[in-house]
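These protein sequences, in sequence, are chains D and A.
Here the working numbering is used: the first residue of the first sequence is 53, the next is one more, and so on.
Here the working numbering is used: the first residue of the second sequence is 7, the next is one more, and so on.
Built from N, CA and C at the ideal position, the CB exists for glycine as well.
A quick note: this is a predicted structure, and the numbers were derived from the prediction, not measured.
Worksheet for the structure shown next.
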Amino acid sequence: MITLQKGPVHIGGITLHNHLILAAGVLGTTGASLGRMLRLGAGGVVTKSIGPEPKAGHSGPCLIPLNGGLLNAMGLPNPSRDYLDEITHLRDEPVIISIFGGTPEEFGEVASWFADTAVGFELNLSCPHAEGYGAAIGADPAIVRACTEEVAAYGIPTWVKLTPNVTDIGVIGRAAEEGGASAIVAVNTVRGMRISIDLRRPVLGNRFGGISGPMIFPIALRCVYDLYDACSLPIIGCGGVSSAEDVIEMMMAGASAVQIGSAVYDDIAIFEQIAASLYADDGLAADEIVGCAHA
Amino acid sequence: MHDGMPVVVTVREIIDETPTIRTIRFDHPFSIRPGQFCMVWAPGVDEIPMGYSSPDTITVQRVGEATAALTSLAVGDRLGIRGPFGNGFSPEGRLLAIAGGVGVAPLYPLAAAGVVETFILGARTAEELTFATPLAALADLRIATDDGTAGYHGFVTGIIDEEIDLSSYDTICVCGPEMMMKGILDRLDAAGIAGRGQFSLHRYMKCGVGVCGSCSIDPDGLRVCKDGPVFTGDQILNSEFGVYSRDASGRKKRP
Chain D
53 MITLQKGPVH IGGITLHNHL ILAAGVLGTT GASLGRMLRL GAGGVVTKSI
103 GPEPKAGHSG PCLIPLNGGL LNAMGLPNPS RDYLDEITHL RDEPVIISIF
153 GGTPEEFGEV ASWFADTAVG FELNLSCPHA EGYGAAIGAD PAIVRACTEE
203 VAAYGIPTWV KLTPNVTDIG VIGRAAEEGG ASAIVAVNTV RGMRISIDLR
253 RPVLGNRFGG ISGPMIFPIA LRCVYDLYDA CSLPIIGCGG VSSAEDVIEM
303 MMAGASAVQI GSAVYDDIAI FEQIAASLYA DDGLAADEIV GCAHA
Chain A
7 MHDGMPVVVT VREIIDETPT IRTIRFDHPF SIRPGQFCMV WAPGVDEIPM
57 GYSSPDTITV QRVGEATAAL TSLAVGDRLG IRGPFGNGFS PEGRLLAIAG
107 GVGVAPLYPL AAAGVVETFI LGARTAEELT FATPLAALAD LRIATDDGTA
157 GYHGFVTGII DEEIDLSSYD TICVCGPEMM MKGILDRLDA AGIAGRGQFS
207 LHRYMKCGVG VCGSCSIDPD GLRVCKDGPV FTGDQILNSE FGVYSRDASG
257 RKKRP
């Protein structure tokens, strides 16, 4: 297998310990949990998405494991501004603040709370199951551009996480680029649902949700591939990555780094496990393979 | 990742344990270790974590919307169960069990398995004592009530201080209100045997399978749903245990 050189990585204005980043919404409710994931080998971590007001999220069931994936509709639960206290002890670490809002102004307001301390922002323009937020606005290129401009104005690296639930993801990627994004994260969950046959009703409290995990890897890969052609920004591949081979494949499609989320379901030590087979002293520089499948 | 869709069960029996606590028996059993829990789905209401009180029962106290729905169920009603989840207790040697209120539920399977030597059962008042009759036949049962209407007049920690030599037990399994459990942890720590304590923790949970992070505890980020719900005393010394927890939004609150 192809291996990579070990060492710090610089992507989208942020310096990471390695190419493997903890994805937003997974084990990111508390600063202690993010700290644990960094100790367990994550090259960087993205927080739970923080919004303008505290939210309790949807009623349950909120997450259902499937064959080869997870279906969830958490409903963007978050403590809002109180989250500042969660991460003060992680000030020197690559902790990326995920933000959501319903308008560009709300994105800007949340960003302002963290502007003095954050190493970077990730804009959640892609959650598929929260009315008025996420993908509800992330499918509109004009709004994506406006939200990105609002946050990028703080002069802190701003990553934009995109939804795969659009006809042409390249258009949305270009809107983020025009708005001043420093990297694109692709992708958030694919919308879906399951129904309890016995109860004759959707199994999620919110009825609909988003699918993550290995079953969406080919979808995410295709989105990364399209964005590599459509944009010139670095891309962070996200969606079903659960092995070193998946990381290499994402890079060949055009990703400079990856995010990992659902794979913690099977093993919370997944970062160390992937790193053990991904990195070697005589490994390649990632640049040599990023986007190579486009030749 | 494999299919974890809720298993739909039918309520076969409802047992009134106390004026506020009911046991709900399902039409089929789950393969559990004592101390494990399930995510119970009251359709149209919510899904909440509940300890198994036996392979085919949960024992519920009415405290909120979801538990109100569960305690209002009738025989023949259906609900969804995901689980069993979590680690459960790891009994070894002489075993002391200490329960407060409905916290008796996940400890009861230990007693039913015949491994509990001494069982301290506490409740607010006599009529809130749960499983006292069967427990009397399964272990050396000591009872405490806050108002003195049955057994020792006071908290379970009072019985410990007056009647129990904690260091004579190899395992001390505890479930109940957090401040009660904290009182027991403090006593074990003072005796230098915090590691013999096994505490079943309760935290707000969303996923139940170790992914979302809503039940993570400070300062190590241990997940109550997956790394617990049972933690040894030395794991939770100097932690948020007994000091604060988080609500559904992740904001901190007093226990």
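When DSSP labels each residue in this structure, what does residue i get in the three-state scheme?
i                 : result
Val316 of chain D : helix
Arg31 of chain A  : strand
Thr238 of chain A : strand
Asp22 of chain A  : strand
Arg259 of chain D : coil
Gly244 of chain D : strand
Pro97 of chain A  : coil
Glu183 of chain D : coil
Lys100 of chain D : coil
Val2 of chain A   : Nothing in the structure corresponds to residue 2 of chain A, since chain A is present only between 7 and 261.
Pro55 of chain A  : strand
Cys290 of chain D : strand
Gly203 of chain A : strand
Pro156 of chain D : helix
Is the Cβ-Cβ distance between residue i and residue j less than 8 Å?
i                 : j                 : result
Ile44 of chain D  : Cys283 of chain D : For chain D, the structure presents residues 53 to 347; residue 44 of chain D sits outside this window and is missing.
Glu239 of chain A : Gly182 of chain A : According to the sequence shown, residue 239 of chain A is Gly rather than Glu. Against a cut-off of 8 Å, the Cβ pair of Gly182 of chain A and Gly239 of chain A comes out as no contact.
Val203 of chain D : Ala163 of chain D : yes
Ser206 of chain A : Pro112 of chain A : yes
Leu285 of chain D : Ile116 of chain D : no
Thr99 of chain D  : Val147 of chain D : yes
Gly291 of chain D : Phe323 of chain D : no
Gly203 of chain A : Val162 of chain A : no
Leu76 of chain A  : Ala118 of chain A : no
Gly103 of chain D : Gly153 of chain D : yes
Ser255 of chain A : Ala108 of chain D : yes
Ala142 of chain A : Gly164 of chain A : no
Ser150 of chain D : Ala205 of chain D : no
Thr219 of chain D : Asn240 of chain D : no
Arg84 of chain A  : Val180 of chain A : no
Pro236 of chain A : Gly94 of chain A  : First, the amino acid is wrong: residue 236 of chain A is Val here, not Pro. Contact: yes.
His110 of chain D : Met126 of chain D : yes
Ala198 of chain D : Pro156 of chain D : yes
Val17 of chain A  : Gly82 of chain A  : yes
Phe91 of chain A  : Gly189 of chain A : no
With a threshold of 16 other CB atoms inside 10 Å of the CB of residue i, please say whether the residue is buried or exposed.
i                 : result
Pro60 of chain D  : exposed
Val97 of chain D  : buried
Met267 of chain D : buried
Asn244 of chain A : exposed
Asp168 of chain D : exposed
Gly50 of chain A  : exposed
Pro131 of chain D : buried
Met185 of chain A : exposed
Ser101 of chain D : buried
Glu229 of chain D : buried
Asn119 of chain D : exposed
Smallest Cα separation from residue i: which of the options?
i                 : options                                : result
Asp281 of chain D : D:Gly225, D:Ala332, D:Gln325, D:Ile249 : D:Gly225
Ala194 of chain D : D:Val212, D:Gly207, D:Ala227           : D:Ala227
Ile341 of chain D : D:Glu105, D:Val299, D:Lys213           : D:Val299
Ser329 of chain D : D:Ala321, D:Met304, D:Ser295, D:Tyr317 : D:Ser295
Gly70 of chain A  : A:Arg39, A:Pro55, A:Asp233             : A:Pro55
Ala233 of chain D : D:Pro131, D:Arg133, D:Leu175           : D:Leu175
Met245 of chain D : D:Pro113, D:Met89, D:Tyr331, D:Leu128  : D:Pro113
His69 of chain D  : D:Met303, D:Ala125, D:Ala94            : D:Ala94
Cys218 of chain A : D:Gly231, D:Ala327, D:Met89, D:Leu251  : D:Met89
Asp233 of chain A : A:Ala129, A:Ser37, A:Gly128, A:Gln42   : A:Gln42
Ala87 of chain D  : A:Glu246, A:Ser222, A:Gly248           : A quick correction: the sequence has Gly, not Ala, at residue 87 of chain D. If we check each option's Cα against that of Gly87 of chain D, A:Ser222 comes out closest.
Excluding the 5 residues preceding and the 5 following residue i in the sequence, name in chain order all residues of the same chain whose CB lies nearer than 8 Å to its CB.
i                 : result
Leu336 of chain D : Ile54, Thr55, Leu56, Gln57
Pro25 of chain A  : Glu133, Glu134
Arg243 of chain D : Pro180, His181, Ala187, Asn217, Phe260, Gly261, Gly262, Ile263
Glu297 of chain D : Met53
Asp334 of chain D : Thr55
Ile288 of chain D : Ile63, Gly64, Ile73, Trp211, Ala235, Ile236, Val237, Ala238, Ala307, Ser308, Ala309, Val310, Gln311
Examine the ligand PLP and report whether any of its heavy atoms sits within less than 7 Å of the Cβ of residue i.
i                 : result
Cys231 of chain A : As far as ligands go, the structure on display features none, and thus does not contain the ligand PLP.
Please return the same chain residues whose Cβ sits closer than 7 Å to the Cβ of residue i, not counting the five positions on each side in sequence.
i                 : result
Tyr250 of chain A : Lys258, Lys259, Arg260, Pro261
Glu301 of chain D : Leu273
Thr29 of chain A  : Ile21, Glu23, Ser59, Thr63, Thr65
Val7 of chain D   : Residue 7 of chain D is absent from the structure shown; chain D starts at 53 and stops at 347.
Asp33 of chain A  : Val15, Thr16, Arg18
Might you give, ordered along the chain, the residues of its own chain that have their beta carbon closer than 6 Å to the beta carbon of residue i, omitting 5 neighbours on each side?
i                 : result
Asp52 of chain A  : Ala72
Leu102 of chain A : Thr124, Tyr175, Ile178
Pro106 of chain D : Pro131, Ser132
Lys212 of chain A : Cys218, Ser220
Ser314 of chain D : Leu122, Ser264, Gly265
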